[in-house]
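For reference, the structure is listed below as structure tokens.
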Amino acid sequence: MTAIRRRLVPYFLLGPGLIWLILFFVVPMYFMARLSLEEGTLTEGFRFTWQFSNFTDSLAESDTQFVRSFVYAGVATVLALLIAYPLAYAIAFRAGRWKNALLLAVIAPFFTTYLIRTLAWQTILNDTGVVVDTFKTLGLVSEGGRLLDTPGSVIAGLTYNFLPFMILPIYASLERIDQSLIEAAKDLYSSARTAFWKVTLPISAPGIVAGTLLTFIPAVGDYINADFLGSQNQAMIGNVIQSQYLVTNDYPSAAALSFVLMALILATVVIYIRFAGSEALMGEEARRA
Amino acid sequence: MRKTWKIVLALLALAAALGIAACGGGDGGLEEGASEEDVETAAAKPIGGEWTISNWPLYIDNKTIDEFDKEVGATTKYIEDINDNFEFFGKLRPQLQNGESGGRSMFVVTDYMAKIMRDLGYLQNIDKSAIPNVEENLRVELEAPDFDPEREYSVPWQSGFTGIVINTDLAPEIDSIEDLLKPKYEGKVTFLGDMYDDVSLVLKMQGADPANASEEEWNKAIDTIEEAADSGQIRDFTGNAYAGPLVKGDIVAAVGWSGDAIQLQADNPNVKWIRPAEGCNLWSDNMVIPVGAPNPGTAQAFMNYVYDPKNQAQIAEYVNYVTPVEGTKEVLEKQDPKVANNQLIFPDEQFTADCTPQAIPDPSFEDAVTERYQSVVTG
Amino acid sequence: MNGMAVESARIERSAPARAWKWLRENAITIYGGFAIAYMLIPIAVIAVFSFNDPAGRYNFTWEGFTLDHWSDPFAITDLTDAMVLSIELAALTTLVSTALGTLLAMALVRYQFLGRRASNFLIVIPMATPEVVIGAALLSMFLLYGVSPGFNTLFIAHVMFQISFVVVVVRSRLIGFDRSLEEAARDLGADAFTTFRTVTLPLLAPGIIAAALLAFALSIDDFVISNFNSGTTVTFPLYIFGASQRGIPVEVNVLATMLFAVTVLAMLFTIWQQRRAERLAATRPEQEQEIETTLALAPGQGRA
Chain H
-1 MTAIRRRLVP YFLLGPGLIW LILFFVVPMY FMARLSLEEG TLTEGFRFTW QFSNFTDSLA
59 ESDTQFVRSF VYAGVATVLA LLIAYPLAYA IAFRAGRWKN ALLLAVIAPF FTTYLIRTLA
119 WQTILNDTGV VVDTFKTLGL VSEGGRLLDT PGSVIAGLTY NFLPFMILPI YASLERIDQS
179 LIEAAKDLYS SARTAFWKVT LPISAPGIVA GTLLTFIPAV GDYINADFLG SQNQAMIGNV
239 IQSQYLVTND YPSAAALSFV LMALILATVV IYIRFAGSEA LMGEEARRA
Chain L
2 MRKTWKIVLA LLALAAALGI AACGGGDGGL EEGASEEDVE TAAAKPIGGE WTISNWPLYI
62 DNKTIDEFDK EVGATTKYIE DINDNFEFFG KLRPQLQNGE SGGRSMFVVT DYMAKIMRDL
122 GYLQNIDKSA IPNVEENLRV ELEAPDFDPE REYSVPWQSG FTGIVINTDL APEIDSIEDL
182 LKPKYEGKVT FLGDMYDDVS LVLKMQGADP ANASEEEWNK AIDTIEEAAD SGQIRDFTGN
242 AYAGPLVKGD IVAAVGWSGD AIQLQADNPN VKWIRPAEGC NLWSDNMVIP VGAPNPGTAQ
302 AFMNYVYDPK NQAQIAEYVN YVTPVEGTKE VLEKQDPKVA NNQLIFPDEQ FTADCTPQAI
362 PDPSFEDAVT ERYQSVVTG
Chain B
3 MNGMAVESAR IERSAPARAW KWLRENAITI YGGFAIAYML IPIAVIAVFS FNDPAGRYNF
63 TWEGFTLDHW SDPFAITDLT DAMVLSIELA ALTTLVSTAL GTLLAMALVR YQFLGRRASN
123 FLIVIPMATP EVVIGAALLS MFLLYGVSPG FNTLFIAHVM FQISFVVVVV RSRLIGFDRS
183 LEEAARDLGA DAFTTFRTVT LPLLAPGIIA AALLAFALSI DDFVISNFNS GTTVTFPLYI
243 FGASQRGIPV EVNVLATMLF AVTVLAMLFT IWQQRRAERL AATRPEQEQE IETTLALAPG
303 QGRA
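Chains as they are written, first to last, in the working numbering: chain H, -1 to 287; chain L, 2 to 380; chain B, 3 to 306.
As structure tokens, then:
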């Protein structure tokens, strides 16, 4: 291949995908950005006035929901990791030729819609259902208490609904580990546990980073779980944005809130990646190549 | 070489952005065709062909559409996608702003939403010559509502009451809004997400007149609701969704709609709608024709069709809300006396004495209270 | 020394110790089993309630067993239409987004080029954006350019948010990918494209498949963005959301269970195919088998 063609290859690979993203993400975002700096109402019309106060105002009004969203999403992510990692490990290393079958079994439930699964949890966590009764016997729920419309149910819903986002990347990175490497490590460290901590875990780090991000980020902006499984006191920032856009029709505030949310998420992600090691995510490949 | 490229690309991006900005324009408001002379009147002809109507769920029986189609030679697409006035409005607003109707020829929206849409210039006037049945049979009480005194752009589809739906098994003694706020029902009560319904009832409870309430009175009512919401007294704010928990027994009472209670008795015979001691709200869901509606002639023909008492009787029997068509009761007395004599469907004057139309706040503070109420509902 | 060996052997053989050892060795598998059970609980509930016979609108409490809804699951035409539409949409968008995303991932991981940082950034941002915002922003843009919302806008929107996820999943597979196999192929005389086709792609396959599965699930599941960009088109989730307000018909449970069952069947089919391939390989001449085995082993290995 000639030198110039070689230089151009990455652009050809990038081209279609990037163009799609630019046209259908960046451009609409630009419009939203303009909207966030406008002021006015639906009846008066909106005017572009560099209204930066939209940002500060909406942040101040919805600080509870922001904190709540980050906490719920954080807890849900940790729980999801605890559930997903051993499962991904089991499938990658203990499943043998059942690997693909099990993977499909893990994904299959998520082909029934998000809404239906959440509604099923509504039925399961019902005040008069088996789960609540059991929890009452175990003393985890008070006599007149309930599981639905509490922070617990919203977090449980978030954890459940974002599990495949955690499982798949971890599985993908575990799956390519050579078994003989682990065997060698076990011999070297003479303990399965040490072999795990020193070899398996670090190699699967990119998968963990990808999984946690893919779980945490959408969870923060989610509003369906809070809608179906929670009461007004569990409302997340997604609920606020949705209601501001659709009910109050206060588009500038809704747009401003969205940008604040995105900024906060990005800040979290940047700190997280710095902490987790950016090479894990960005890949040493390109530097070597 | 590389650096120059970077600069060129950046400039191109900037130019593109500016170019797009030029097309961007602003988000309009009232200036877009809301003056009286500009309002179109929907065309009365031709009738027939395809048309689409958006309505609330469970608001029609399963035969009327087919029969209508056969009679006028139409193909009706009936979508039950309205669950909340504002959500529906939010979804369609960008198109309505551009003078398009989102493919629909008719929606059915509650009084206050019809007014909002009208004020923004999104609705057409109805050609009265196309709807003689409506002129003849519309109930007297509904002929001249505050928001559309000459019924220029709205025709009631069904009316209803907002009161309290209770589970008589679990809380037979509840009979007022005040009861709902009592500590013994903490976490066992829901309110509607609809500001107009909830606040009207609380205004009555606090002795204010919903039709003329001031901003302070509105805020005082919202204060009460906010307190109950934050403390967990009110378990949730719902649209139609209060019905499930009520049937299950998760809640003992809900602020809810009359027609629902009748339909819910099939799931749980202990469910009953009661009129709160303070009084109840009266509202209508109205058929309206948006600007840019395709095939408005057939839409108006449909309005006319359902205002024939015979056809309306079939709908009323299934829907169980208050029918706006005079003469339906007589038809039903022969077909289904139980429905004809149900106070909730054909209320007599005594029953509705305490009921007033939903309060609509004065435009000067409507936006402010709407925003305030929404922040209560979203925690 | 001998005595100690006998000692430990005796300890080894005691029943509780053996049970504990078995437990420790299989802990992961047992845990995995519980995890899968947890994931399947809601599906079980959905399936069970598809046999329910509720008197009224609501399908919350068990009222009686019936096969009525299974005998005619497509009774509600609106629901069936919505389901078919969702499946078509998901299939089409998955094809496009997986292709675009895989190419993107390859470019990002393997090449140094101008704008690499920016591209990385651009990929991550859609995932950090609340769906409400994406949905609303997209709709405003479509209207401005005169495109009325419908299947096409849904298609565009779905591919858009799928791409980022595909990239992330494929990328985590690409990192640490063993290039030596590709180099070997090229040494043997294959050009870049053939190498890609016969070596890279098969090795990448598990990652691509995982990404495609995720993309498909994302599309079928999507509610928020679809709600804004669907016009009068009704997808399965949109139908359910409407229905959830007023009582979900049992047919919804039936269709959801059917969807799940179909995926299970697909899974069983894959197993059957795998077994068949193994059996056939056992009957082939030795030489071919060696090459086959080498290539078959390759997917499981990526030496770090």
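Quick reminder that beta carbons are idealized off the backbone N, C-alpha and C, glycines included. Treat the numbers as computed from the prediction; the structure is a model and nothing was measured.
Could you check what DSSP says for Phe167(B) in three-state terms: helix, strand or coil? helix
Give me the Cβ distance between Leu166(H) and Leu216(B), rounded to the nearest whole Å; I'm assuming they're in contact under 8 Å. 6 Å
According to DSSP, simplified to helix, strand and coil, what is Tyr147(B)? coil
So, at 6 Å on beta carbons, what are the nonlocal neighbours of Ser36(L) in its own chain, with the 5 sequence-adjacent residues on each side left out? Note that Ser36(L) scores a pLDDT of 46, beneath 50, so its modelled location is shaky; the value from the coordinates is reported in the next line. None.
Contacting positions in the region 84 to 97 of chain B - beta carbon closer than 9 Å to chain L: none
Exposed or buried, what is Phe67(B) when buried is set at 16 or more other beta-carbons lying within 10 Å of its beta-carbon? exposed
Counting only Cβ pairs nearer than 9 Å, list the residues of chain B close to Thr53(L). Thr234
From the DSSP output, in three-state form, read off Gly38(H) for me. strand
Among the residues of its own chain, which have a CB less than 6 Å from the CB of Phe44(H), if the five just before and after it don't count? Glu36, Gly38
Val370(L) versus Leu262(H) - alpha carbon distance: 29 Å
Which residues in chain L have a C-beta closer than 8 Å to the C-beta of Ala217(H)? List them in chain order. Ordered by position in chain L, no residue passes the 8 Å Cβ test against Ala217(H), which lies about 17 Å from the chain.
Report buried or exposed for Glu51(L), applying the criterion of at least 16 other Cβ atoms within 10 angstroms of its Cβ. exposed
Of the listed residues Ile222(H), Ile17(H), Tyr249(H), nearest to Val161(B) (C-alpha basis): Ile17(H)
Phe238(L) lies in the beta strand (DSSP E); which residues open and close that run? 235 to 239
Taking 7 Å as the line, does the beta carbon of Leu11(H) fall inside it for any heavy atom of the ligand ATP? Of ligands this structure carries none, so the ligand ATP is not represented either.
Under a Cβ-count criterion, where at least 16 other Cβ atoms within 10 Å of its own Cβ denotes burial, should Pro133(L) be classed as buried or exposed? exposed
If we count Cβ pairs, one from each stretch, closer than 8 Å, do we get three or more for the region 315 to 330 of chain L versus the region 258 to 275 of chain L? yes
Residues of its chain near Thr266(H), where Cβ-Cβ distance is below 8 Å and the 5 sequence neighbours each way are ignored: Phe68, Phe214
Per DSSP, what are the beta-bridge partners of Asn54(B) in this structure? Phe67(B)
Would you mind telling me which residues of chain H sit closer than 8 Å to Arg119(L), beta carbon to beta carbon, in chain order? Result: empty, since nearest Cβ-Cβ is about 11 Å, beyond 8 Å.
Compare the C-beta of Leu282(B) with all C-beta atoms of chain H and state if any pair is closer than 8 Å. no
Rounded to whole angstroms, what is the Cα-Cα separation between Ile269(H) and Val126(B)? 14 Å
Kindly say whether Gly244(B), judged by its beta-carbon, lies nearer than 8 Å to any beta-carbon of chain L. yes
State the DSSP-derived secondary structure class of Ala74(H), mapped to helix, strand or coil. helix
Residues of chain L with CB under 9 Å from Ala233(H), in chain order? Val378, Thr379, Gly380
Please list the partners that Phe309(B) has in chain L, where partner means a Cβ-to-Cβ separation under 9 Å. Shown here, chain B extends from 3 to 306; a query on residue 309(B) therefore has no answer.
Using the beta-carbon count (16 or more within 10 Å), is Asn63(L) buried or exposed? exposed
Cα-Cα separation, Trp57(L) to Pro310(L): 21 Å
So which residues on chain B does Arg105(L) lean against when the C-beta distance must stay under 9 Å? Thr234
In chain H, what lies closer than 9 Å to Gly103(B) by C-beta? Gly15
For Leu97(B), the three-state DSSP class (helix, strand or coil): helix
Taking one C-beta from the region 207 to 224 of chain L and one from the region 237 to 251 of chain L each time, how about it: are there three or more such pairs within less than 8 Å? no
Excluding five sequence neighbours on each side, which residues of the same chain lie with their C-beta closer than 6 Å to the C-beta of Gly34(L)? With a pLDDT of 37 at Gly34(L), under the threshold of 50, the modelled position of that residue is not reliable, and no figure is offered here.
I'd like to confirm the pairing. Which residues does DSSP put opposite Leu124(L) in its beta bridges? Pro291(L)
Could you work out which residues of chain H lie near Gly233(L), taking near to mean beta carbons separated by less than 7 Å? Asn231
Please confirm whether Lys116(L) and Ile316(L) have their CB atoms less than 8 Å apart. no
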